[in-house]
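Let me begin by presenting the structure, written as structure tokens, before commenting on it.
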Amino acid sequence: MARNWFRPTGDAHPLLAALDKGIAVPTPVIVGSVARIRRAHPDEPPALILARLEKRFLDTVTSSGAAVGAAAAIPAAGTGTALAAVGGETAFFMAAAALLTLSIAEVYGLPVEDVERRRTLVLAVALGDSGTMLVQRAMERFGNGWLTVLYPGQVPGTAVRVVNSALVRKFALKVGTKQGLVTLGKLAPMGIGAVVGAGGNRSLGHVLIRNARKAFGPPPANWPTPGPPAQRPV
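Right, here's the structure in full:
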């Protein structure tokens, strides 16, 4: 039963649906989130603001994982109730991961308005090297680097949708299995479930952060001005 929760069924995949909720966050929310941190720390360069975004993400998903791990392990809770709790928390984790990725793009001065291109960005980062390499190969005829995909003036929407179809298939197979293992751990006895929930979410969070750092490359030394990829390393 738990396994099917994290495998593709029909036309939908729970983790992909959850990720799309984060991808659909309005652009002003993303911009405003980064702007608030910058206002609180006006003298900090992009690298330090990125570190604050990463810490906020890790703290959020860790506390969420611990709470659900404990709740799901309460003896009175049936398997269905436990899975519902974990499923909701998993959706929260995936949405938070998408928001972190889009916030990082904002720090780098990359455009994040187009939802389909957001999906490319978030899925590629979630998958790590295999995701960014897939996009890189598809973008070779359009520009200088995989982040070229974010620019409508350089890459047509039809090409983006083809890339996203391939990324979705990879994501459903690879990331769904990894997150599913953490979920099974959260159904363990009380105490163990909380530890696995917090530790599992934090571990997955660190994986996402490492993927993002590698995918985006070194942070800009100064706050960038949005522009085409040729104006900054990608």
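Under my numbering, the final residue of the sequence shown carries the number 214; numbering is consecutive throughout.
C-beta atoms are modelled at their ideal positions from N, C-alpha and C, and glycine is treated no differently.
Supposed contact pair residue j and residue i - C-beta distance, whole angstroms, cut 8 Å
| i | j | result |
| --- | --- | --- |
| I3 | R98 | 5 Å |
| T112 | A195 | 5 Å |
| A27 | M74 | Contact doesn't hold; Cβ gap of about 26 Å is too wide. |
| L107 | K154 | 6 Å |
| Y88 | P200 | 6 Å |
| I84 | A192 | 6 Å |
| T42 | R182 | 5 Å |
| M119 | V135 | 7 Å |
Separation of residue j from residue i, as counted between CA atoms
| i | j | result |
| --- | --- | --- |
| S110 | V11 | 28 Å |
| R203 | Q116 | Residue identity check: residue 203 is Trp in the sequence provided, not Arg. Rounded to whole angstroms, W203 to Q116 spans 25 Å at the Cα level. |
| V218 | L82 | The question about residue 218 has no answer, for the chain in this structure spans -19 to 214. |
| S145 | L184 | 24 Å |
| L38 | L90 | 23 Å |
| R18 | V187 | 25 Å |
| G197 | L30 | 12 Å |
| G67 | F122 | Interpretation of G67 is limited by its pLDDT of 49, a score under 50 that renders its predicted location unreliable; no figure is taken from the coordinates. |
| S13 | E34 | 13 Å |
| V9 | F72 | 17 Å |
Beta-carbon proximity list for residue i, same chain, < 7 Å, skipping 5 on both sides
| i | result |
| --- | --- |
| L(-4) | V148, F151, A152 |
| L130 | L90, P91, R97, L101 |
| R36 | none |
Simplified DSSP assignment, three categories, for residue i
| i | result |
| --- | --- |
| H218 | It is not possible to answer for residue 218, since the shown part of the chain is limited to -19 through 214. |
| E93 | coil |
| F122 | coil |
| A85 | helix |
| V5 | coil |
| P26 | helix |
| G133 | coil |
| G197 | coil |
| D(-9) | Summary for D(-9): the model assigns pLDDT 45, below 50, so the residue's position carries little reliability; its value from the coordinates is reported in the next sentence. DSSP places D(-9) in coil when its eight states are reduced to three. |
| G185 | helix |
| N202 | coil |
| G108 | coil |
Sequence-distant residues of its chain with Cβ nearer than 8 Å to residue i (five each side left out)
| i | result |
| --- | --- |
| N(-16) | Residue confidence for N(-16) is low, a pLDDT of 35 falling below 50, so the modelled location carries little weight; the figure read from the coordinates is stated next. No residues qualify anywhere along the chain. |
Beta-carbon contacts of residue i that lie in its chain and below 6 Å, excluding the five residues immediately before and after
| i | result |
| --- | --- |
| A77 | L188 |
Segment contact, 8 Å Cβ cut-off, at least three pairs: the stretch 23 to 37 with the stretch 94 to 108:
no
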